[in-house]
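Novice: Supplied in structure tokens, the structure appears directly below.
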């Protein structure tokens with residue numbers, strides 16, 4: 891698992907998503923980057939859309955959710 895430092899309040903969605911994507915692309919090098927990117931974006935949006943007030947832990951939460959989804963083959 892990628893260890894991420896605490897997120898500062900000034901660090902926005904793009905920075906968090908980018909950090910998680912970079913870590914997961916290293917962990918899942920055989921998956922298409924576009925799939926990893928979309929899963930991370932969807933994971934972030936589904937967490938933030940629910941109003942979860944865990945900004946400091948958000949990168950880890952997003953990575954965990956995206957990693958879980960990447961371990962399951964996509965449905966077509």
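Residue numbers (the working numbering): 891 to 966.
Where is the CB? At the ideal position from N, CA and C, for every residue including glycine.
Between residue 962 and the ligand MN, is the CB less than 7 Å from at least one heavy atom?
Specialist: As for the ligand MN, it is missing from this structure, which has no ligand bound.
Novice: Could you tell me the alpha carbon to alpha carbon distance between residue 918 and residue 924, rounded to whole angstroms?
Specialist: So the two alpha carbons sit approximately 12 Å from each other.
Novice: Keeping to the same chain, check which residues put their C-beta closer than 7 Å to that of residue 960; ignore five residues upstream and five downstream.
Specialist: Closer than 7 Å at the Cβ level, and outside the excluded window around residue 960, lie 914, 918, 921, 926, 929.
Novice: Between residue 933 and the rest of its own chain, which residues show a CB-CB distance below 6 Å, the 5 nearest in sequence each way excluded?
Specialist: Counting only Cβ-Cβ distances below 6 Å, and skipping sequence neighbours, we find 952, 955, 956.
Novice: Can the beta-carbon of residue 962 be found less than 8 Å from the beta-carbon of residue 931?
Specialist: For residue 962 and residue 931, no; Cβs fall outside 8 Å.
Novice: Decide if residue 863 is buried, meaning its Cβ has at least 16 other Cβ atoms within 10 Å, or exposed.
Specialist: Lying outside 891 to 966, the shown extent of the chain, residue 863 is not represented and no answer is given.
Novice: Between which two residues does the alpha helix (DSSP H) holding residue 963 run?
Specialist: Taken as a continuous stretch (DSSP letters only), residue 963 belongs to no alpha helix (DSSP H), as it is neither H nor E.
Novice: Could you spell out where the alpha helix (DSSP H) holding residue 873 opens and where it closes?
Specialist: Outside the displayed span of the chain (891 to 966) sits residue 873, for which this structure offers no information.
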